[in-house]
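Just below is one structure, and these are the notes that go with it.
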Ligand code: BV8
């Protein structure tokens, strides 16, 4: 069986990384239009850097949770049965990789990578970023930014994502509110191609009615239970 899994902030919530739209979520404390857009970076680079520096430091002290470990087991288990897991995450953390997932597509980029807007270089980055930081490749300053997709920017690897989505037997959406596009549109793409759909979330998302099946509860419990069922059925 070929499964396409889309994950969102809810899969990392039990690792202590904030979600965006929950009660005390990030976007309830910070304005995404002032911190997660290219315009914001041009007008307030120091504020944008401070926002991502804080999140990068939080990430370095976070650990994967049972949901991340279960998805890594699913990838191995499906491969052993001649199937595949295509893991597409909206998250910019590296918790899927740290739990052992080998194929992960970060459609909204990665917090532990930096990109130079002068030379286009992309590099691993674990320290704070700032306007004074020199690009290790071209040695210019002022152009280093988090390698993250902001609102209004093109998500990454969209061709590979749509190819995998339309070739899947099952589309499962895990820990996402279904409020950011184009990711929020994947479920209707899947349905339009007769692909079975399942939502695993703390509670029904805005898109819940578009799913054939819904499994609700904390990802750390609901995802391992679902993976166990897939691998033993
Ligand atoms: C783009 C990185 C053009 C930065 C983020 C229609 C079509 C196309 C575009 C648009 C459109 N309408 C509007 C747009 C523009 C915009 C958009 O969607 N705006 C929204 C606000 C309406 N989209 C864009 O700008 C995108 N780019 O469109 O380019 C294009 C179009 C088509 C094709 C190609 C190009 C770029 C969007 C990317 C923005 N960057 N993140 C950063 O992280 O700082 S978005 C940000 O929100 C996150 O990355 C995440 O991806 C996204 C969604 O958040 P969720 O992951 O769902 O988190 P949320 O808090 O919302 O929900 C958490 C869920 O978990 C909840 O349901 C909760 O119940 C659940 N939960 C909580 N705890 C648990 C749990 N579940 C299980 N267990 C728990 N313990």
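Numbering (the working numbering), first residue to last: 6 to 238.
Backbone N, C-alpha and C define an ideal beta-carbon position, used for all residues, glycine too.
None of these values were measured; they are calculated from a predicted model.
State the Cα-Cα distance for the pair residue i and residue j, rounded to the nearest angstrom.
i	j	result
residue 135	residue 57	10 Å
residue 236	residue 82	7 Å
residue 170	residue 199	11 Å
residue 233	residue 74	12 Å
residue 188	residue 95	8 Å
residue 207	residue 142	43 Å
residue 219	residue 55	38 Å
residue 117	residue 28	26 Å
residue 70	residue 80	16 Å
residue 87	residue 6	8 Å
residue 126	residue 217	42 Å
residue 152	residue 34	22 Å
residue 32	residue 24	8 Å
residue 43	residue 163	20 Å
residue 180	residue 212	12 Å
residue 157	residue 230	36 Å
residue 259	residue 176	In the structure as shown, the chain begins at 6 and stops at 238. Residue 259 is therefore absent and cannot be evaluated.
residue 37	residue 238	42 Å
residue 40	residue 46	7 Å
residue 145	residue 133	17 Å
residue 100	residue 222	20 Å
residue 106	residue 115	15 Å
residue 123	residue 147	9 Å
Kindly indicate the opening and closing residues of the beta strand (DSSP E) around residue i.
i	result
residue 149	149-153
residue 219	218-221
residue 92	89-94
residue 37	Note, residue 37: premise wrong, no beta strand (DSSP E); alpha helix (DSSP H) at 37-40.
residue 12	7-12
residue 111	109-111
Looking only at DSSP bridge pairs, what is residue i linked to?
i	result
residue 122	Answer is none; residue 122 lacks a bridge partner.
residue 203	177, 218
residue 127	120
residue 22	Beta-bridge pairing links residue 22 to no other residue.
residue 114	153
With a threshold of 7 Å (Cβ to nearest heavy atom), would residue i be considered close to ligand 1?
i	result
residue 79	no
residue 75	no
residue 27	yes
residue 62	no
residue 184	yes
residue 154	yes
residue 20	no
residue 110	no
residue 102	no
residue 237	no
State the start and end residues of the unbroken alpha helix (DSSP H) segment that holds residue i.
i	result
residue 165	163-171
residue 33	31-34
residue 58	50-65
residue 73	71-85
residue 101	100-103
Is there at least one Cβ from chain C nearer than 8 Å to residue i's Cβ?
i	result
residue 27	Although the question refers to chain C, the structure presented lacks it and comprises just one protein chain.
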